[in-house]
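Sequence order for the protein chains is C and G.
Counted from 1, the first sequence has number 22 at position 22 by the working numbering; the numbering is strictly sequential.
Counted from 1, the second sequence has number 330 at position 83 by the working numbering; the numbering is strictly sequential.
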Amino acid sequence: MMSEPVLEVRHLSKKFGKNTVLRDIDFSVSPGDVTTVIGASGSGKSTLLRCINLLETPTSGDIVFHGESVLQPGFNVSSYRAKVGMVFQSFNLFNNMTVLENCMIGMTKVLKRDQAAAREKALYFLDKVGMGPFINAKPKQISGGQKQRVAIARALCMEPEVLLFDEPTSALDPQMVGEVLEVMRILASEGSTMVIVTHEMAFARDVSSHVVYMADGVICEEGSSEEIFVHPRNDSTREFLKRFIHS
Amino acid sequence: MSLPSDFWGRIVFLFEQYGSSYLKGAGTTLVIAVVSTFFGCVIGFIVGIVQTIPVGKRDKLPKRIFFRIVNIILKIYVELFRGTPMMVQAMFIYYGAAQVLGLRMNMWAAALFIVSINTGAYMAETVRGGILSIDIGQTEGAKAIGMTHFQTMMYVVFPQVLRNILPQIGNNLIINIKDTCVLSVIGTVELFFASKSVAGTYYTFFESMTIAMAIYLVMTVTASKLLFWWEKKLDGPEEYDLATTDTLMFTSGMVNFPDRRNPEEEGE
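Now the structure itself:
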């Protein structure tokens, strides 16, 4: 990729007390990249994603968005987050709002769009994820897969430059996993810039332009989908993927 | 006019003679309770929200010191008013202000002030608890779409907290309806004061207090019914309308998305 990276993670480390969760993480995301982060549970994948969105404050290192450090004092964190969408494992839809309101609130309150424009855009994206009929439902009235699709629509409504997915299918049953991954495949094929933490190896293999394999808080190996999934060089990568390939 | 000899007769007699005193007293009680509960909630929400503003290492030092001091003051306020009897506070404030500061407080102002500030101390803790009980994911979801702390509170956390603590607000209202009776020590003519005066006139404590209890009960039961109705209203309808026919449940992955290319050709 020759284009300027949107997002660069530089020598990022994160400690919780004495426990080092991330050590010297270094990678960058260019426009249109689909980066998947794979690795065992507890390897720091989610923490990495949460650091990128500043839900966790990194202990050291830097995160650079369009050439500007997001950790510098006085940086407008809210407007940065509005440009970097996030989809959570546990959906995190607003319980006090309907599906439609969930998608509109960010546009009306953060982007200051007017109601009509926000509604139109929300309906467009809800339709796109196949949740058009459910606009009047409250989050507790729909299934997990449906919630996640709404959460994706909510993130898309902000028209983010980068979309972060934190194990979006881990809380879902196999049938619902399919419907969510389907939506994500569409987004990937349309050229959205995404960073995806996932345990869905087949999915990661298919959609990734870049794969990062993490273990114990460090990046063990990274490369193209083929490099990681077909010709892994690192022993621990091979060991980790063996389980998925044969199951 | 002589007092009837039977219990019910005396009750009817008292009510005929002094009905307006009772009702005026009940009115005073209700006004103080409702207004003070309202202001108490406002105080509680403000204190509760200020106490839960996240101040971290990323913030500048003056801001951290400011919030540290504010939080200490608020803690003292909560502990002081929660930890001492309202009756003592009433005398302390009303007569204390007169003696020490030479300030003759208006009886109504004093009554509303005392009950509000008391309710506020309790509500502060209730609101704080209510905010802490909201799943952290709600806040993270809001932050992730770029909401500020204030927006997150206003549009996401606050409405859910209000719904969750509504039973506690109801509790406070009921407690306030009953506890305004301690204001009789500063001369507030509320229901208890009125009933006691009537009882003293004819030495009919049993009857007069029966009337008082009946009126208190009517007020508290009505209050709890109204609040329950409000809770139900906030919950909204249990069903929702589908915008079109529900066909999506069975067609996952078959929805007609435009422009599908082979994802493997993407990327490099």
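For each residue, glycine too, the CB sits at the ideal point set by N, CA and C.
Since this is a predicted model, take the numbers as computed values, not measurements.
| Query | Result |
| --- | --- |
| Contact defined as beta carbons within less than 8 Å: I believe Val-29/C pairs with Val-195/C. What is the distance between those atoms, to the nearest angstrom? | 6 Å |
| Checking the sheet assignment: what are the DSSP bridge partners for Ile-196/C? | Thr-36/C, Phe-165/C |
| For Gln-407/G, which of Ile-290/G, Asn-318/G, Val-374/G, Met-354/G has the nearest alpha-carbon? | Val-374/G |
| Check each residue of the region 404-419 of chain G: if its Cβ is closer than 8 Å to any Cβ of chain C, include it; give the result in chain order. | Pro-406, Gln-407, Arg-410 |
| Distance cutoff 8 Å, beta carbons only. Does Met-86/C sit that close to anything in chain G? | yes |
| Please return the same chain residues whose Cβ sits closer than 8 Å to the Cβ of Arg-119/C, not counting the five positions on each side in sequence. | Leu-100, Met-104 |
| Which bits of chain G does Ala-15/C rub up against, with CB to CB less than 7 Å? | With the sequence shown as reference, residue 15/C is identified as Lys, and Ala is not the correct amino acid for it. In chain order: nothing, as chain G lies at least about 13 Å away. |
| Interface residues of chain G around Ile-105/C at Cβ under 7 Å? | Tyr-402 |
| Check each candidate in Tyr-450/G, Ile-279/G, Ala-470/G and name the one with the smallest Cα separation from Val-362/G. | Ile-279/G |
| Tell me, to the nearest whole angstrom, how far the beta carbon of Gly-377/G is from that of Ile-412/G; I am working on the premise that it is less than 8 Å. | 4 Å |
| With the cut-off set at 8 Å, would you say Leu-489/G and Pro-139/C are in Cβ contact? | no |
| Using the Cα positions of Ser-78/C and Thr-395/G, report the straight-line distance between them to the nearest angstrom. | 6 Å |
| Among Ile-320/G, Thr-284/G, Gly-367/G, whose alpha-carbon lies nearest the alpha-carbon of Ile-290/G? | Gly-367/G |
| Along the chain, where does the beta strand (DSSP E) containing Lys-15/C start, and where does it finish? | 7-16 |
| 8 Å is my cut-off, CB to CB: does Tyr-487/G come that close to chain C? | yes |
| Going by DSSP in three states, Ser-499/G sits in which element: helix, strand or coil? | With a pLDDT of 40 at Ser-499/G, under the threshold of 50, the modelled position of this residue cannot be trusted, and the question is left open. |
| Can you round the beta-carbon distance between Ser-268/G and Ala-461/G to whole angstroms, since I take them to be within the 8 Å contact cut? | Contact flag wrong, Cβ pair sits at about 15 Å. |
| Contact criterion: CB-CB distance below 8 Å. Does Lys-390/G meet it with respect to chain C? | yes |
| Pull up the CB-CB distance for Leu-430/G and Ala-358/G, whole angstroms please, since I reckon it's below 8 Å. | 5 Å |
| Please name the residue in Ser-43/C, Glu-159/C, Arg-23/C whose C-alpha comes closest to that of Thr-198/C. | Ser-43/C |
| In three-state terms, what does DSSP make of Phe-244/C? | helix |
| Identify, in the order they occur along the chain, each residue of the same chain with its Cβ nearer than 8 Å to the Cβ of Glu-56/C, setting aside the five sequence neighbours on each side. | Lys-14, Thr-47, Arg-50 |
| Out of Val-335/G, Gln-398/G, Gln-336/G, which has the shortest C-alpha to C-alpha gap to Val-110/C? | Gln-398/G |
| For the candidate residues Thr-169/C, Val-230/C, Gly-17/C, Gly-130/C, whose alpha-carbon lies nearest to that of Asp-270/C? | There is no way to answer for residue 270/C, as the model of chain C reaches only from 1 to 247. |
| Could you run through the region 68-84 of chain C and flag, in chain order, every residue whose CB is less than 7 Å away from some CB of chain G? | Ser-78, Ser-79, Arg-81, Ala-82 |
| In whole angstroms, what is the alpha-carbon distance linking Asp-493/G and Asp-173/C? | For Asp-493/G, the pLDDT reaches just 43, beneath the cut-off of 50, and the residue's location in the model is therefore unreliable, leaving the point undetermined. |
| Contact defined as beta carbons within less than 8 Å: I believe Ala-288/C pairs with Thr-59/C. What is the distance between those atoms, to the nearest angstrom? | This structure cannot speak to residue 288/C, because chain C is shown only from 1 to 247. |
| How about Arg-10/C and Val-64/C: are their beta carbons less than 8 Å apart? | yes |
| Return yes when the Cβ of Ser-444/G is within less than 8 Å of the Cβ of Leu-261/G, no when it is not. | no |
| Could you tell me which residues DSSP pairs with Ile-25/C in its beta bridges? | Leu-12/C |
| Between which two residues does the beta strand (DSSP E) harbouring Phe-65/C extend? | 60-65 |
| Specify the secondary structure class of Tyr-80/C as computed by DSSP and reduced to three states. | helix |
| Ala-137/C versus chain G: which residues are under 7 Å apart at the beta carbon? | Tyr-487 |
| Tell me where the alpha helix (DSSP H) around Val-259/G begins and ends. | 254-298 |
| Tell me which residues of the region 118-136 of chain C have at least one Cβ-Cβ distance to chain G shorter than 8 Å, keeping chain order. | Lys-128, Gly-130, Met-131, Gly-132, Pro-133, Phe-134, Ile-135, Asn-136 |
| Locate the alpha helix (DSSP H) running through Tyr-124/C, then write down its first and last residues. | 115-128 |
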